[in-house]
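Q: Below you'll find the structure I mean.
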Amino acid sequence: MSDMKDTRRQQLSEWTHTELLRLGIPHDNFESLEVVSGDASFRRYFRASLDQITLIAVDAPPENEDSESFVAVANLFREAGVLTPKTIASDFDKGFMLIEDFGDRLYLPALLKEQQKDQQSNSIENSDLLYGQAISSLLKFQKNIDCGRLDPYSRKKLHEEMALFENWFCEEFLQLQLTDADREMIANTFCFLEESAVSQTQLAVHRDYHSRNLLILEREDSAEEAGPGIIDFQDAVCGPYTYDLVSLLRDCYICWPSKRLEKWCDDYYREASDKGLINDISRAQFSRDFDLMGLQRQLKVMGIFARLHIRDHKPQYLADIPLVIQYFLEVASHYDEMAVFKSWFEQTVMPVAETKLN
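Structure follows, in structure tokens:
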């Protein structure tokens with residue numbers, strides 16, 4: 004596997020050189036590709052340092068990743084007025100792309116730094132400013148993207164995502180032996196959460212809208228009010244209006260006090276109502292929609308993080324599961340429909356999870 008990756012990296016470097024020549028982009032200083040990051044997919048990202056600019060070279064193996072969809076969705080978001088990287092060159096058959104470089108200033112480090120400060124900062128890294136920009140960008144693409152151009156976030160897909168919790172987290176990771184009664188109770192809970200999701204107003208959904216996929220931009224052509232750079236957008240769908248908001252505010256990688264979260268929820272609700280996105284939805288119904296959507300996502304994430312550890316050999320994601328569980332149990336406690344599942348989770352899942360995750 005390592006040899007194959009090294010071969011693809013060399014091929015990507017050669018392809019990048021050829022494309023730079025074809026495009027007439029000065030690159031006398033270009034020598035090799037510098038590793039930037041990978042993500043939870045099979046894609047890998049490298050920085051190409053050129054004479055005057057930097058670009059990101061993307062290795063997206065075609066047997067695993069759909070680069071054509073990546074470019075199409077990026078264009079769809081950019082047409083909606085939000086900032087996604089422009090594609091400079093692409094070869095879909097090879098699974099290679101050259102895209103605009105948004106830099107390395109992810110939201111997450113800035114927000115963690117903000118949490119550690121004793122006093123509020125007036126800088127660009129102020130959390131209220133960053134979340135305000137993220138919410139504004141969310142509202143912008145929710146309003147401007149025609150949902151008909153995206154695949155639907157179907158009930159089947161919602162169920163498949165939650166099944167990752169049952170299959171990968173409970174059975175593969177925790178090695179639980181689920182009874183028929185357990186499976187029936189789990190299925191009933193999934194059905195309840197699916198019903199809530201599909202009954203919500205359906206808008207454009209990024210599907211992974213959080214602090215590791217939003218960047219603070221430092222470009223002259225992007226004023227602060229323009230919003231964050233948005234990445235990892237290629238799985239966008241037409242789905243529940245609260246999905247991206249709960250992904251952003253109940254982030255798997257950073258947790259905020261409930262008062263701050265409520266303030267940001269209020270901001271979204273007010274602006275979404277003003278823009279006519281959520282007509283006739285009360286504040287109480289919005290809170291319920293937000294909470295139940297979060298429960299669906301948290302079950303999915305527990306399964307995905309376990310799968311990343313077991314199948315993809317990425318154990319670092321295990322460290323983020325306790326916060327996801329914390330969110331889940333805290334919110335589930337407010338809903339009678341979740342009482343049986345929550346009790347089972349605390350009695351059956353938690354003792355094993357605490358041992359495996361500590």
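FYI, in our numbering the residues of the sequence shown are 4 to 361.
Where a beta carbon is used, it is the ideal one built from N, C-alpha and C, also for glycine.
Please read all numbers here as calculations on a predicted model, not as lab measurements.
(1) If you follow the beta strand (DSSP E) that Tyr2 is in, where does it begin and where does it stop?
(2) Kindly indicate which three-state DSSP category Pro318 falls into: helix, strand or coil?
(3) Do the stretch 244-252 and the stretch 161-168 meet, that is, are 3 or more Cβ pairs less than 8 Å apart?
(4) Can you tell me whether Ser140 is buried or exposed, with buried defined as 16 or more other CB within 10 angstroms of its CB?
(5) In this structure, how does DSSP classify Gln299 when only helix, strand and coil are distinguished?
(6) Assuming contact is defined by CB atoms lying nearer than 8 Å, are Phe95 and Glu71 in contact in what I supplied?
(7) Are the beta-carbon atoms of Leu298 and Met341 separated by less than 8 Å?
(8) Assign Gln203 to one of two classes, buried (16 or more other C-beta atoms within 10 Å of its C-beta) or exposed (fewer than that).
(9) What residue ranges within the stretch 94-173 form continuous beta strand (DSSP E) runs of no fewer than 3 residues, ordered along the chain?
(10) State yes or no: is the beta carbon of Ser336 nearer than 8 Å to at least one beta carbon in chain D?
(11) Whole angstroms are fine: how far does the CA of Ala77 sit from the CA of Leu26?
(12) Based on the DSSP secondary-structure assignment, which residues constitute the bridge partners of Leu58?
(13) Anyone know if the C-beta pair for Gly279 and Val85 falls short of 8 Å?
(14) Can you list, in chain order, the residues of its chain whose CB lies under 7 Å from that of Val38, leaving out five sequence neighbours each side?
(15) To the nearest angstrom, how far is it from the Cα of Ala226 to the Cα of Lys143?
(16) May I ask you to report which of helix, strand or coil DSSP gives Cys194?
(17) If you draw a straight line from the alpha carbon of Pro65 to that of Leu23, how long is it in whole angstroms?
(18) Spatial neighbours of Glu197 within its chain, please: C-beta separation below 7 Å, excluding the five flanking residues on both sides.
(19) Would you check if the stretch 207-221 and the stretch 167-177 touch, i.e. whether three or more CB-CB distances between them fall below 8 Å?
(20) Within the chosen definition, does the stretch 348-360 reach the stretch 321-329 through at least 3 CB pairs nearer than 8 Å?
(21) Who are the near neighbours of Asp62 in its chain, counting only those whose CB is closer than 6 Å to its CB and skipping five residues on each side?
(22) Identify, in the order they occur along the chain, each residue of the same chain with its Cβ nearer than 6 Å to the Cβ of Tyr330, setting aside the five sequence neighbours on each side.
A: Here's the rundown:
(1) It is not possible to answer for residue 2, since the shown part of the chain is limited to 4 through 361.
(2) Along the sequence shown, read from residue 1 onward, the residue named residue 318 stands at position 315. Pro318 falls in the helix class under three-state DSSP.
(3) no
(4) Stepping through the sequence shown from its first residue, residue 140 is reached at position 137. By the neighbour-count criterion, in which a residue is buried when 16 or more other Cβ atoms sit within 10 angstroms of its Cβ, Ser140 is buried.
(5) For this step, residue 299 is matched to residue 296 along the sequence shown. Helix.
(6) To locate residue 95, count along the sequence shown from 1; it is residue 92. To locate residue 71, count along the sequence shown from 1; it is residue 68. Taking 8 Å as the Cβ cut-off, Phe95 and Glu71 qualify as a contacting pair.
(7) Here residue 298 refers to the residue found at position 295 of the sequence shown. Here residue 341 refers to the residue found at position 338 of the sequence shown. Contact: yes.
(8) Start at 1 with the first residue of the sequence shown, and residue 203 comes out as number 200. Buried, since its Cβ has 16 or more Cβ neighbours within 10 Å.
(9) 99-103
(10) Reference to chain D is not applicable here, since this structure consists of a single protein chain.
(11) In the sequence shown, residue 26 corresponds to position 23, counting from 1. In the sequence shown, residue 77 corresponds to position 74, counting from 1. Cα to Cα, Leu26 sits roughly 21 Å from Ala77.
(12) Position 55 of the sequence shown, counted from the start, is the residue given in the question as residue 58. Per DSSP, Ala51, Glu103.
(13) Taking the first residue of the sequence shown as 1, we reach residue 279 at position 276. Taking the first residue of the sequence shown as 1, we reach residue 85 at position 82. Taking a C-beta distance under 8 Å as the contact criterion, Gly279 and Val85 do not qualify as a contact pair.
(14) In the sequence shown, the residue the question calls residue 38 occupies position 35. Closer than 7 Å at Cβ, skipping near neighbours: Phe49.
(15) Taking the first residue of the sequence shown as 1, we reach residue 226 at position 223. Taking the first residue of the sequence shown as 1, we reach residue 143 at position 140. Annotation note: pLDDT 48 at Ala226 (below 50); position unreliable, no value reported.
(16) Counted from its first residue, the sequence shown places residue 194 at position 191. Cys194 falls in the helix class under three-state DSSP.
(17) Position 62 of the sequence shown, counted from the start, is the residue given in the question as residue 65. Position 20 of the sequence shown, counted from the start, is the residue given in the question as residue 23. Pro65 and Leu23: Cα-Cα distance of roughly 22 Å.
(18) Taking the first residue of the sequence shown as position 1, residue 197 is located at position 194. Answer for Glu197: Arg158, Leu161, His162, listed in chain order.
(19) no
(20) yes
(21) Here residue 62 refers to the residue found at position 59 of the sequence shown. The answer, listed in chain order, is Arg11, Leu15, Arg47.
(22) For this step, residue 330 is matched to residue 327 along the sequence shown. Result list for Tyr330: Arg253, Gln301, in chain order.
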